[in-house]
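Since the structure comes first, as structure tokens, the remarks are kept for the end.
2 protein chains.
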Amino acid sequence: MATQKYGVGVDLGGTKIATALVDGEGRVLARTSCLTEAQEGQEKVLERMYKTVEDVLGEAGIAPGELAGIGIGSPGPLDSKTGLVLSAPNLGWTNVPVGDLFRERFQVPISVGNDANLAGLGEKWLGAGKNVDDLLYITVSTGVGGGIIIGGKVHTGAHDIAGEVGHIIVQKDGPQCNCGARGCLEAIASGTAIAREAKAGLKRGESPLLAKLVGDGDPTSKDVGQAARKGDPFSTKLLQESFTYLGLGIASLLNVLDPQLVVIGGGVSNLDELLFDPVRKTVKETLGTSQLADVLIVKAELGADVGVLGAAMLVVA
Amino acid sequence: MATQKYGVGVDLGGTKIATALVDGEGRVLARTSCLTEAQEGQEKVLERMYKTVEDVLGEAGIAPGELAGIGIGSPGPLDSKTGLVLSAPNLGWTNVPVGDLFRERFQVPISVGNDANLAGLGEKWLGAGKNVDDLLYITVSTGVGGGIIIGGKVHTGAHDIAGEVGHIIVQKDGPQCNCGARGCLEAIASGTAIAREAKAGLKRGESPLLAKLVGDGDPTSKDVGQAARKGDPFSTKLLQESFTYLGLGIASLLNVLDPQLVVIGGGVSNLDELLFDPVRKTVKETLGTSQLADVLIVKAELGADVGVLGAAMLVVA
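Quick mapping for you: the protein sequence lines, in order, are chains A and B. In terms of my numbering, the first sequence is residues 3 to 319. In terms of my numbering, the second sequence is residues 3 to 319.
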């Protein structure tokens, strides 16, 4: 990374737009955010995105011409070459040429990427992966997603789908996944999957402790973690089983990708050792004497900033 | 590929050393082969390898100095950066510095690669993948191996292990694999795994037709294919189940790598539609409406030449 260039990262989320101006070493010089309010239509959302960029430039006294570019992280399938967002159901967007619109507006290079990929890029340059070139980033949250970083760059694949590690099949004929298949990692180890199984367990009366904890509401993976920490056998077993599958999936991915490091982020990674212990144990047992058994599996470091920093790294790294 | 350069490919196998001189377009100008005879010791094997190189150069009247380099395909874990073969049990080799020895002998650039990776490279440049840059090559043979080609180059990974697609876990607690884990793709869909299940089925008296076909010997995956073609229900079911798992594994790999093309080679791919039909059906069903469902899955084209051509492509491509 050169130190004389600046980049702007824009993280477009279903709820919030977060934007930051960074220097070539990823130091944040200015930042802002606003609500997305997608219901007001795409024109308004785009205007708000432009304004966040203008605001951070204004705050730091930097002209668009001084930028290496603007990186934009977007949900949904997209064409990273052109910056066309094909579909973002959360936003109600179809075929929005975000790249072209930003290029016209700011006259600087624009890069658009998938949010999980950019989170991986952020961790590589500024987070847990600073000392490596090749890493596998996995986010365990509502869903399970990933980013494959090779030589410091995102491996996007032929259709910008690469890194969809939530859809590797870890259990033939297993639970139904939103994608239509059965037994995807996401259908077993995501926060949603854990909550689904917890709810089913509560219905069967399997955990008085968890039932007390959640009251009238539906359990979340965080609740399951709390119950497990209090020694609840049902919750402990549910997390162990779910994250054993995550470990099997990671062992498979290590054999395929052979990265230097695995970084796990996303809300569910905040279960900490409840997630990392079964994952690491399963990976070690599965890989046996292979050199891959020694690849570190660590927690992401950037937290909520990962999206905006990753987006900025698209243009300054 | 430039057309004015020449390269030599050496395919070091447990049984045979095959060597070819190719031009920049992969046309074979001279070729030779000899038995490996590993039992005579590594010095002798290396001498034989050197001689095959000198023979093809002599036959074509080309001096070593005119070579872009020599590419060597080797079994076993190796360090592709230095050309050190860490371990090749078939040859009885441990820590043999093949790269350094060849460099000293011929004074040209030497590249060493894993045989499945080089087969992928050969298919990319000269075989089924000529028109794409990114492909996933899978060999289904005694074992299951693979090569990941990204941008026309082998993705070797941090420990030269990348592409070990035979060791993705497709069935938790499934059959024991040679690697120590359970439920690896190789333990279910390789020729060896199919032969193992066929033998077990014969013991249980499940297939008179297959029993008649193999007589006193042990069944091979080829026998199982023959019996299936004759309508044997046991053999048909065994192949369908094994290759459904292969299809699930490929669907997972498509989500991770997002290649332009999948190429399947190795002896078991000669079962043709008995392998490709269940694989393609499973991949389509699993991937549903994803763009990945349209990625072509085709048979390798280079046959027995794939190793030596892939090795040559390491230096001329």
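Beta carbons are placed, not taken as given, at the ideal position from N, Cα and C, and that holds for glycine. No experiment lies behind these values; they were computed from the predicted model shown.
Using a 10 Å radius around the Cβ and a threshold of 16 neighbouring Cβ atoms, would you call A/D307 buried or exposed?
Here the question's residue 307 of chain A lines up with position 305 in the first sequence. When all chains shown are included, A/D307 counts as buried.
State the DSSP-derived secondary structure class of A/V24, mapped to helix, strand or coil.
Position 22 of the first sequence holds residue 24 of chain A. DSSP places A/V24 in strand when its eight states are reduced to three.
Where B/S237 falls: helix, strand or coil (DSSP)
Position 235 of the second sequence, counted from the first residue, corresponds to residue 237 of chain B. Helix, per DSSP.
Using beta carbons (cut-off 8 Å, strictly below), is B/M3 in contact with chain A?
The residue you call residue 3 of chain B lines up with position 1 of the second sequence. Confidence in B/M3 is poor, its pLDDT being 43 and thus under 50, which makes the residue's placement unreliable; the coordinate value appears in the next sentence. No, its Cβ sits nowhere closer than 8 Å to a Cβ of chain A.
If you measure between the beta carbons of A/V265 and A/V300, is that distance less than 8 Å?
Here residue 265 of chain A is taken as the residue at index 263 of the first sequence, counted from 1. Here residue 300 of chain A is taken as the residue at index 298 of the first sequence, counted from 1. Closer than 8 Å, so yes.
Mind pulling the chain A residues with CB within less than 9 Å of B/A191?
Stepping through the second sequence from its first residue, residue 191 of chain B is reached at position 189. Within chain A, no residue comes near B/A191; the closest Cβ sits about 13 Å away, beyond 9 Å.
So, at 8 Å on beta carbons, what are the nonlocal neighbours of A/T5 in its own chain, with the 5 sequence-adjacent residues on each side left out?
As a position in the first sequence, residue 5 of chain A is number 3, starting the count at 1. Note that A/T5 has pLDDT 44, beneath the 50 cutoff, so the model's placement of it is unreliable and the number below is only indicative. Within the same chain, A/T5 has close Cβ partners D25, G26, E27.
Between which two residues does the alpha helix (DSSP H) holding A/D117 run?
Translated into positions along the first sequence, residue 117 of chain A becomes position 115. Taken as a continuous stretch (DSSP letters only), the alpha helix (DSSP H) holding A/D117 covers 117 to 128.
Any Cβ of chain B within less than 8 Å of the Cβ of A/Q109?
For the purposes of this step, residue 109 of chain A is taken as the residue at position 107 of the first sequence. Answer no: the Cβ-Cβ gap between A/Q109 and chain B never drops below 8 Å.
Assign B/L304 to one of three DSSP states: helix, strand, or coil.
Taking the first residue of the second sequence as 1, we reach residue 304 of chain B at position 302. The answer is coil: DSSP assigns B/L304 none of H, G, I, E or B.
Could you list which residues in chain E have their beta carbon closer than 9 Å to that of B/S76, in chain order?
Absence of chain E from the displayed structure is noted, the protein chains being A and B.
Short of 8 Å in beta carbon distance, which residues of its chain neighbour B/G203, apart from the five on each side in sequence? Order them along the chain.
On the second sequence, position 201 is the one that residue 203 of chain B refers to. If we look at B/G203 and ignore the five residues flanking it on each side, its Cβ neighbours are S209, L212, F236, L240.
Taking C-beta pairs closer than 9 Å, name the residues in chain A that B/I299 reaches, listed in chain order.
Residue numbering aside, residue 299 of chain B sits at position 297 when the second sequence is read from its first letter. Within chain A, no residue comes near B/I299; the closest Cβ sits about 14 Å away, beyond 9 Å.
So, at 6 Å on beta carbons, what are the nonlocal neighbours of A/G131 in its own chain, with the 5 sequence-adjacent residues on each side left out?
Taking the first residue of the first sequence as position 1, residue 131 of chain A is located at position 129. Within the same chain, A/G131 has close Cβ partners E125, L137, L263, V265.
Is there at least one Cβ from chain A nearer than 8 Å to B/V146's Cβ?
The count along the second sequence starts at 1 and reaches residue 146 of chain B at position 144. Not an interface residue.
Taking only the alpha-carbon atoms, compute the straight-line gap between B/E287 and A/S254 and give it to the nearest angstrom.
Counting from 1 along the second sequence, the entry for residue 287 of chain B is found at position 285. Counting from 1 along the first sequence, the entry for residue 254 of chain A is found at position 252. Distance between the alpha carbons of B/E287 and A/S254 is about 22 Å.
Quick one: which chain B residues come within Cβ less than 7 Å of A/A253?
Within the first sequence, numbered from 1, the residue matching residue 253 of chain A stands at position 251. Simply I171.
Which residues, taken in chain order from the stretch 190 to 215 of chain A, show a beta carbon closer than 9 Å to some beta carbon of chain B?
none
At what residue ranges does the stretch 102 to 185 of chain B contain a whole run of the alpha helix (DSSP H), taking only runs of 4 or more?
117 to 128
For chain A, check one thing: does any of its Cβ atoms lie closer than 8 Å to the Cβ of B/P177?
Taking the second sequence and counting its residues from 1, the one referred to as residue 177 of chain B is at position 175. Judged by the 8 Å Cβ criterion, B/P177 is not in contact with chain A.
Measuring CA to CA, which of A/L88, A/K7, A/Y8, A/V47 is closest to A/A20?
On the first sequence, position 18 is the one that residue 20 of chain A refers to. A/A20 has its Cα closest to that of A/V47, out of A/L88, A/K7, A/Y8, A/V47.
Please compile the residues from chain B whose C-beta is within a distance smaller than 9 Å of the C-beta of A/D81.
Position 79 of the first sequence, counted from the start, is the residue given in the question as residue 81 of chain A. Correct list: empty, because the minimum Cβ distance to chain B is about 11 Å.
Reduced DSSP secondary structure (H/G/I, E/B, other) of B/T92
Position 90 of the second sequence, counted from the first residue, corresponds to residue 92 of chain B. It is Asn, not Thr, that sits at residue 92 of chain B in the sequence shown. In this structure, B/N92 counts as coil in the three-state DSSP scheme.
Alpha carbons only, please: which of B/V156, B/G78, B/N92 is nearest the one belonging to B/T320?
Summary: the structure shown does not reach residue 320 of chain B, with chain B confined to residues 3 through 319, and so no result is reported for it.
Starting from the beta carbon of A/D260, find every residue of chain B whose beta carbon is closer than 7 Å, and list them in chain order.
Numbered from 1 along the first sequence, position 258 holds the residue referred to as residue 260 of chain A. Ordered by position in chain B, the residues that pass the 7 Å Cβ test against A/D260 are G159, A160, H161, I163, A164.
So, is B/A65 buried or exposed, given that buried needs 16 or more other C-beta atoms within 10 angstroms?
For the purposes of this step, residue 65 of chain B is taken as the residue at position 63 of the second sequence. Exposed, since its Cβ has fewer than 16 Cβ neighbours within 10 Å.
Range of the contiguous beta strand (DSSP E) that encloses A/S76:
Within the first sequence, numbered from 1, the residue matching residue 76 of chain A stands at position 74. Note, A/S76: beta strand (DSSP E), 69 to 76.
How would you list, in chain order, the residues of chain A whose beta-carbon sits under 8 Å from the beta-carbon of B/G290?
The residue given as residue 290 of chain B occupies position 288 in the second sequence. In chain order: C181, G182, A183.
Could you tell me how far apart the beta carbons of A/G11 and A/L311 are, in whole angstroms, since I believe they sit closer than 8 Å?
One-based indexing of the first sequence puts residue 11 of chain A at position 9. One-based indexing of the first sequence puts residue 311 of chain A at position 309. About 6 Å; that satisfies the 8 Å criterion.
According to the neighbour-count rule (16 or more other Cβ atoms, all chains shown, within 10 Å of its Cβ), is A/E188 buried or exposed?
Numbered from 1 along the first sequence, position 186 holds the residue referred to as residue 188 of chain A. The residue in question, A/E188, is buried, as its Cβ has 16 or more Cβ neighbours within 10 Å.
For B/Q228, is the classification buried or exposed, using 16 other Cβ atoms within 10 angstroms of its Cβ as the cut-off for buried?
By 1-based counting over the second sequence, the position of residue 228 of chain B is 226. B/Q228 is buried by the Cβ-count criterion.
At what residues does the beta strand (DSSP E) containing B/L276 begin and finish?
What you label residue 276 of chain B is simply residue 274 of the second sequence in a count that begins at 1. Segment 275 to 289 is the alpha helix (DSSP H) holding B/L276; no beta strand (DSSP E) there.
Taking B/A32 as part of the beta strand (DSSP E), name the residues at either end of that continuous run.
Taking the second sequence and counting its residues from 1, one reaches residue 32 of chain B at position 30. B/A32 -> beta strand (DSSP E) spans 30 to 37.
7 Å Cβ shell around B/M51 - same chain, five flanking residues per side excluded
To locate residue 51 of chain B, count along the second sequence from 1; it is residue 49. Around B/M51: V12, L14, I19.
With burial defined as no fewer than 16 other Cβ atoms inside 10 Å of the residue's Cβ, what is the status of A/E166: buried or exposed?
Numbered from 1 along the first sequence, position 164 holds the residue referred to as residue 166 of chain A. Buried: at least 16 other Cβ atoms inside 10 Å.
If you run the structure through DSSP and keep just helix, strand and coil, what is A/V297?
Counting from one through the first sequence, the residue named residue 297 of chain A turns up at place 295. Three-state DSSP puts A/V297 in coil, outside helix and strand.
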